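Following: one structure in structure tokens, then a few remarks.
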Amino acid sequence: MSAMRRPRLINRQPAEATGLRDELAAGLLAPSAHVSPKFLYDSLGSRLFAAITEVEEYYPTRTEAGIFNAHAEQIAASIGPGCTLVDLGAGNCAKACNLFPTLKPARYVAVDISVDFLAESLNYLQFRHPEMDVTGLGCDFSSRLDLPDEIGSGPRVLFYPGSSIGNFTPDQALVFLQQARDASQGGGMLIGIDLVKPQAILDAAYDDALGITAAFNLNLLNAVNRQLGANFGVSNFRHIAFFNAEQSRIEMHLEARHTNTVTWPGGERCFVAGERIHTENSYKYTVDRANSLLNAAGFRRTRCWTDPKGWFALFWATV
Ligand SMILES: C[S@@+](CC[C@H](N)C(=O)[O-])C[C@H]1O[C@@H](n2cnc3c(N)ncnc32)[C@H](O)[C@@H]1O
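In our numbering, the protein residues as written are -16 to 302.
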């Protein structure tokens, strides 16, 4: 009996987290406190996000899947078989895995900041697809997307679903997409982008009745406590999410239920009742604005598919 194939894991996350601690402390001490959404994804946060994708109010995942299903043949024909599929922010790898029968990639590279969760997800994926050449890359691509040669040479299809691009401001998104264009090495980018829609639908998607998104947001405080050695009390804060129409973005915040002081080695901050920590933006685009952004990043040719309600768009973008 042959031994089970193991996915290769390249871990580029620094063992010493001084930089992350400095980044956290600076955000917490800023006049308007903020924490990067990348800190939402510890092991529990990654599981909570997977649960969010199943709640009724969270339309993006099932809408995006519907677009893939409806246009599978066209999408596959545009990309062609045998690609190196690089999944940016792979999470539980479920979306890419569902595309394997259609896209028929030769190689799968899953990239994520949440390394333990990624390793677990890839073991399961490899078990289901023993024939697939699988590599995991643990890294933080928020400041720079830089894919090492070790993942293989040749054109790459960068898969960036779920409208994760919306976590960047439009200026940051432009820089990220330019880096993605270079990293694709002449391949392309398959990217899912959430579209502007009635406010009530957007608000509900980020504040579901079961409270899963609230738990996801509040769990960030546990991650900060661990990373920074802080003493946030989760019950001292509440989840807030709303669509900011002027900025065309969902904002998530954690709001102090009452005045409380948080300390960590080398710092402290008193949060007065009602004061907020900004934890995530999720920018919503129109098809035209998304297209312009891709063009500005150097993706000159784009194909776009949307769902019947026009809620979500999937782009295949090439140089
Ligand atoms: C919104 S989830 C999307 C997961 C999955 N791709 C999907 O569409 O359902 C974002 C994913 O990106 C990862 N992520 C967030 N910030 C990251 C960063 N700065 N560098 C690498 N991965 C990141 C998270 O761990 C998480 O798995």
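Every residue, glycine too, gets a C-beta built ideally from N, C-alpha and C. Only a predicted model underlies this, so the values are computations on that prediction, with no experimental measurement involved.
Close-in-space but distant-in-sequence residues of the same chain around residue i (CB under 8 Å, 5 per side omitted)
i           : result
residue 71  : 94, 124, 128, 141, 142, 143, 147, 163
residue 209 : 25
residue 18  : 7, 10, 11, 203, 207, 260, 261, 262
residue 237 : 200, 201, 203, 204, 220, 221, 222, 223, 259, 260, 262
Of the residues the options, the one placed nearest residue i, counting alpha carbons only
i           : options            : result
residue 130 : 151, 227, 92, 149  : 92
residue 273 : 41, 77, 286        : 286
residue 16  : 258, 301, 264, 266 : 258
residue 266 : 156, 237, 133      : 156
residue 228 : 235, 179, -10, 149 : 179
residue 247 : 271, 215, 289, 221 : 215
residue 244 : 132, 235, 254      : 254
residue 292 : 43, 89, 235        : 43
residue 159 : 189, 276, 231, 102 : 276
residue 152 : 90, 231, 169       : 231
residue 288 : -8, 57, 21, -7     : 57
Residues of its chain near residue i, where Cβ-Cβ distance is below 6 Å and the 5 sequence neighbours each way are ignored
i           : result
residue 55  : 85
residue 80  : 108
residue 64  : 87
residue 174 : 143, 298
residue 114 : none
residue -9  : 118
residue 34  : 195
Heavy atom of ligand 1 within 7 Å of residue i beta-carbon
i           : result
residue -7  : no
residue 95  : yes
residue 267 : no
residue 144 : yes
residue 122 : yes
residue 149 : no
residue 292 : no
residue 36  : yes
residue 91  : no
residue 73  : yes
residue 44  : yes
residue 32  : yes
residue 125 : yes
residue 29  : yes
residue 24  : yes
residue 21  : yes
residue 78  : yes
Residue i - containing alpha helix (DSSP H), residue span
i           : result
residue 10  : 1 to 12
residue 173 : Taken as a continuous stretch (DSSP letters only), residue 173 belongs to no alpha helix (DSSP H), being part of the beta strand (DSSP E) at 171 to 177.
residue 32  : 26 to 35
residue 245 : Note, residue 245: premise wrong, no alpha helix (DSSP H); beta strand (DSSP E) at 243 to 247.
residue 81  : 77 to 86
residue 50  : 42 to 53
residue 184 : 182 to 188
Beta-carbon proximity list for residue i, same chain, < 7 Å, skipping 5 on both sides
i          : result
residue 38 : 191, 193, 195
residue -6 : 98, 121
Residue range of the beta strand (DSSP E) that includes residue i
i           : result
residue -6  : -9 to -6
residue 303 : Because the chain is modelled from -16 through 302, residue 303 falls outside the range shown and cannot be assessed.
residue 238 : 232 to 239
residue 294 : Per DSSP, residue 294 belongs to no beta strand (DSSP E) and is neither H nor E.
residue 220 : 220 to 227
residue 94  : 90 to 95
Reduced DSSP category for residue i - H, G, I as helix; E, B as strand; rest coil
i           : result
residue 72  : coil
residue 209 : helix
residue 151 : coil
residue 214 : coil
residue 254 : strand
residue 269 : coil
residue -12 : coil
residue 263 : strand
residue 38  : coil
residue 277 : helix
residue 120 : strand
residue 283 : coil
residue 130 : coil
residue 140 : strand
residue 59  : helix
Distance cut-off 7 Å: residue i Cβ against heavy atoms of ligand 3
i           : result
residue 253 : Because ligand 3 does not appear in the structure shown, any question about it cannot be addressed here, the ligands present being ligand 1.
Cβ of residue i within 8 Å of any chain B Cβ
i           : result
residue 293 : Annotation note: the requested chain B is absent from the structure, which comprises a single protein chain.
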